[in-house]
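Number of protein chains: 2
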Amino acid sequence: MTETPGGGEREEALEVIQRELTAFARRARAAAARMHPELPLVSYTLLAHIDDRHGCRATDLASHYMLDKSTVSRQVATLEKLGLIERHPDPADHRIQVLHPTEAGTRALASTQESRRAAYRERLADWTGQDLARFADYLLRYNGSGASDSR
Amino acid sequence: MTETPGGGEREEALEVIQRELTAFARRARAAAARMHPELPLVSYTLLAHIDDRHGCRATDLASHYMLDKSTVSRQVATLEKLGLIERHPDPADHRIQVLHPTEAGTRALASTQESRRAAYRERLADWTGQDLARFADYLLRYNGSGASDSR
DNA sequence: AATGACTCGTTGTACTATACAACTTGAACG
DNA sequence: CGTTCAAGTTGTATAGTACAACGAGTCATT
């Protein structure tokens, strides 16, 4: 257990990180669903991506989020049914649909983002700016290390 | 936007934290499922909790994980069907079932935990001990701030 | 003791998110 | 042309979840 000096502490930190990230993941969906029953977490995420990219293809979403194209297809259909995005055929390649947020989509996104931001702001109200910056860095580093594309 | 000196940086850090935690949550389930098809994330988590507590009630699991009791009931039934836990009636209160891991459950948990730990160890291999410790602290703090019970 | 309120857990039902496989349509290349 | 590859859709199945209705057990108060 203590072959390497200090190795035990390292293992312990790893254990905590694993446990706490797992705990977070478990709760995230439910929390998001409670916060925004009208715009589910995944739809929100995809919409944010579409908006961010100013038009993208379903395949891009699938590869970025490691989702099956069928999943994306249905999510996109839902977003369209909700009037939050539009699909435009790509004149250069008729297989492709370019996705764009509608006015309503942009608005819904902004309002959802604002209330999410407010929730985080409140939750992290008593953190110092330095701690927030460090935490943000660690998360970026963590996510970046395992994913080919972290947005 | 910049009413408070330094507030912009703060907002930016919050934005990153929000985005990265969301990104993480989105991927966690799929990643866990790919890593351990035989013991789904949620079952694993509940099993770990049961093991940790050396016997607990379904209601404890529900409140701890903010899950509906019906959800827990089915998860517990699944774990029992897999032979990973046993239910013992509480002699003092017949409404209660005390849950215990079986031998097989303890073993399955250990092996899953070990491979999860290995994945984290590898992913965080190039982090210094100090960074790991800090990251762990931040996560604890973050999770602790929003949940009545963070295990 | 009987009643009523509360707690623990199960079951019926429905919905979201997801994957995989089969298929359609279009593009590209020989 | 035909073959092969890419984009998206649709059928089907599964996990995880919630809510509501319910059955059974407990406890306090009458």
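Sequence lines, in order, name chains R and W. Numbers given in the numbering used here equal positions in the first sequence, counted from 1, plus 181. Numbers given in the numbering used here equal positions in the second sequence, counted from 1, plus 181. Just so it is clear, CB atoms sit at the ideal spot from N, CA and C, and this is done for glycine as well.
- Item | Proximity below 8 Å, CB of R:Tyr170 to CB of W:Gln199 | In the structure as shown, chain R begins at 182 and stops at 332. Residue 170 of chain R is therefore absent and cannot be evaluated.
- Does the beta carbon of R:Ala291 come closer than 8 Å to any beta carbon on chain W? Position 110 of the first sequence, counted from the start, is the residue given in the question as residue 291 of chain R. Answer no: the Cβ-Cβ gap between R:Ala291 and chain W never drops below 8 Å.
- Query: Of the residues that make up the stretch 191-210 of chain W, which ones have a beta carbon closer than 9 Å to any beta carbon in chain R?
  - Reply: For the stretch 191-210 of chain W, which is checked against every Cβ of chain R, the residues closer than 9 Å are Arg191, Glu192, Glu193, Ala194, Leu195, Glu196, Val197, Ile198, Gln199, Arg200, Glu201, Leu202, Thr203, Ala204, Phe205, Ala206, Arg207, Arg208, Ala209, Arg210.
- Query: Roughly how many angstroms separate the alpha carbons of W:Asp233 and W:Arg298, rounded to a whole number?
  - Reply: For this step, residue 233 of chain W is matched to residue 52 along the second sequence. For this step, residue 298 of chain W is matched to residue 117 along the second sequence. When rounded, the distance between both Cα atoms is 17 Å.
- Helix, strand or coil at W:His235 according to DSSP, with G and I counted as helix: On the second sequence, position 54 is the one that residue 235 of chain W refers to. Coil.
- Message: If I follow the unbroken beta strand (DSSP E) through W:Leu290, where does it start and stop?
- Response: Here residue 290 of chain W refers to the residue found at position 109 of the second sequence. Per DSSP, W:Leu290 lies in no beta strand (DSSP E); the unbroken alpha helix (DSSP H) holding it starts and ends at 284-304.
- Using the rule of at least 16 other Cβ atoms within 10 Å of the residue's Cβ for burial, across every protein chain shown, is R:His245 buried or exposed? On the first sequence, residue 245 of chain R is found 64 positions in, with the first residue counted as 1. So R:His245 ends up on the buried side.
- Message: Taking 8 Å as the cut-off, does the stretch 303-319 of chain W touch the stretch 208-225 of chain R (at least 3 CB pairs, one atom from each stretch)?
- Response: No: fewer than three Cβ pairs fall under 8 Å.
- Item | R:Leu227 versus R:Ala212, R:Leu320, R:Leu248, R:Leu321, residue with shortest Cα-Cα distance | As a first step, residue 227 of chain R is located in the first sequence; it is residue number 46 there, counting from the start. Ranking R:Ala212, R:Leu320, R:Leu248, R:Leu321 by Cα distance to R:Leu227 puts R:Leu248 first.
- Message: By alpha-carbon positions, which one of W:Gln294, W:Leu305, W:Ala306 ends up nearest to W:Leu222?
- Response: As a working note, residue 222 of chain W is residue 41 in the second sequence. Ranking W:Gln294, W:Leu305, W:Ala306 by Cα distance to W:Leu222 puts W:Gln294 first.
- What is the rounded straight-line gap between the Cα of W:Arg215 and the Cα of W:Ala243? Within the second sequence, numbered from 1, the residue matching residue 215 of chain W stands at position 34. Within the second sequence, numbered from 1, the residue matching residue 243 of chain W stands at position 62. Those two C-alpha atoms are separated by around 25 Å.
- Message: Between R:Gly189 and chain W, is any beta-carbon pair separated by less than 8 Å?
- Response: Translated into the one-based positions of the first sequence, residue 189 of chain R becomes position 8. No, R:Gly189 does not count as interfacial toward chain W.
- So what does R:Leu280 bridge to, in DSSP terms? Translated into the one-based positions of the first sequence, residue 280 of chain R becomes position 99. DSSP lists R:Cys237, R:Arg268 as partners of R:Leu280.
- Contact set between the stretch 222-234 of chain W and chain R, restricted to residues whose Cβ is under 8 Å from the partner: Taking 8 Å as the Cβ-Cβ cut-off, the stretch 222-234 of chain W approaches chain R at Leu222, Val223, Thr226, given in chain order.
- Quick one: does the C-beta of R:Ser224 sit closer than 7 Å to a heavy atom of the ligand FMN? Here there are no bound small molecules, and the ligand FMN is not part of this structure.
- Task: Leaving out five residues on either side along the sequence, give the residues of the same chain with a beta carbon under 8 Å from the beta carbon of R:Thr259.
- Result: Here the question's residue 259 of chain R lines up with position 78 in the first sequence. Answer for R:Thr259: Ser224, listed in chain order.
- Message: Taking the straight line between their C-alpha atoms, what separation do you get for W:Arg191 and R:Trp308?
- Response: Here residue 191 of chain W refers to the residue found at position 10 of the second sequence. Here residue 308 of chain R refers to the residue found at position 127 of the first sequence. Rounded to the nearest angstrom, the two C-alpha atoms are 10 Å apart.
- Between W:Leu321 and chain R, is there a C-beta pair that is closer than 8 Å? Numbered from 1 along the second sequence, position 140 holds the residue referred to as residue 321 of chain W. Yes, its Cβ sits closer than 8 Å to a Cβ of chain R.
- Item | Close beta carbons around R:Leu220, own chain, < 7 Å, minus the five adjacent residues each side | The sequence position of residue 220 of chain R within the first sequence is 39, counting from 1. Closer than 7 Å at the Cβ level, and outside the excluded window around R:Leu220, lie Ala289, Thr293.
- Can you tell me whether DSSP reads R:His275 as helix, strand or coil? In the first sequence, counting from the first residue as 1, residue 275 of chain R sits at position 94. R:His275 falls in the strand class under three-state DSSP.
- Message: Between W:Leu280 and chain R, is the shortest Cβ-Cβ distance under 8 Å, so that the two count as touching?
- Response: Taking the first residue of the second sequence as position 1, residue 280 of chain W is located at position 99. Closer than 8 Å: no.
- Message: Taking the alpha helix (DSSP H) that R:Thr309 belongs to, which residues open and close that run?
- Response: Position 128 of the first sequence holds residue 309 of chain R. For R:Thr309, there is no enclosing alpha helix (DSSP H), as DSSP gives it neither H nor E.
- What first and last residue would you give for the alpha helix (DSSP H) that runs through R:Glu219? The residue you call residue 219 of chain R lines up with position 38 of the first sequence. Looking at the DSSP string, R:Glu219 is not in any alpha helix (DSSP H), and its letter there is neither H nor E.
- Message: Counting only beta-carbon separations shorter than 8 Å, does W:Leu305 have a partner in chain R?
- Response: Your numbering for residue 305 of chain W matches position 124 in the second sequence. Output row for W:Leu305: interface = yes.
- Roughly how many angstroms lie between the CA atoms of W:Ile277 and W:Gly310, to the nearest whole one? Counting from 1 along the second sequence, the entry for residue 277 of chain W is found at position 96. Counting from 1 along the second sequence, the entry for residue 310 of chain W is found at position 129. Straight-line Cα distance between these residues: approximately 44 Å.
- Message: Quick check: R:Leu195 and W:Leu321, are their CB atoms within less than 8 Å of each other?
- Response: Here the question's residue 195 of chain R lines up with position 14 in the first sequence. Here the question's residue 321 of chain W lines up with position 140 in the second sequence. No, these two residues do not count as a Cβ contact at 8 Å.
- Message: Assuming R:Leu260 is part of the alpha helix (DSSP H), what are its boundary residues?
- Response: To locate residue 260 of chain R, count along the first sequence from 1; it is residue 79. Taken as a continuous stretch (DSSP letters only), the alpha helix (DSSP H) holding R:Leu260 covers 250-262.
- Message: Considering Cα atoms alone, identify which of R:Leu280, R:Asp271, R:Gly325, R:Asp318 is closest to R:Gly264.
- Response: Within the first sequence, the letter at position 83 stands for residue 264 of chain R. Checking every option, the nearest Cα to that of R:Gly264 belongs to R:Leu280.
- In chain order, what residues of the same chain lie with their CB nearer than 7 Å to the CB of W:Pro270, ignoring the 5 residues before and after it? The residue labelled residue 270 of chain W in the question sits at position 89 within the second sequence. Within the same chain, W:Pro270 has close Cβ partners Gln278.
- For my contact list, R:Thr283 and R:Glu267 are in at a C-beta cut-off of 8 Å; report their separation, rounded to the angstrom. By 1-based counting over the first sequence, the position of residue 283 of chain R is 102. By 1-based counting over the first sequence, the position of residue 267 of chain R is 86. Here R:Thr283 really is in contact with R:Glu267; their C-beta atoms are around 6 Å apart, less than 8 Å.
- Item | Contacts of R:Met247 in chain W (Cβ-Cβ under 7 Å) | Mapped onto the first sequence, residue 247 of chain R falls at position 66. The answer, in chain order, is Arg208, Ala211.
- Message: Please tell me whether R:Leu313 has its Cβ less than 8 Å away from any Cβ of chain W.
- Response: As a position in the first sequence, residue 313 of chain R is number 132, starting the count at 1. R:Leu313 counts as touching chain W.
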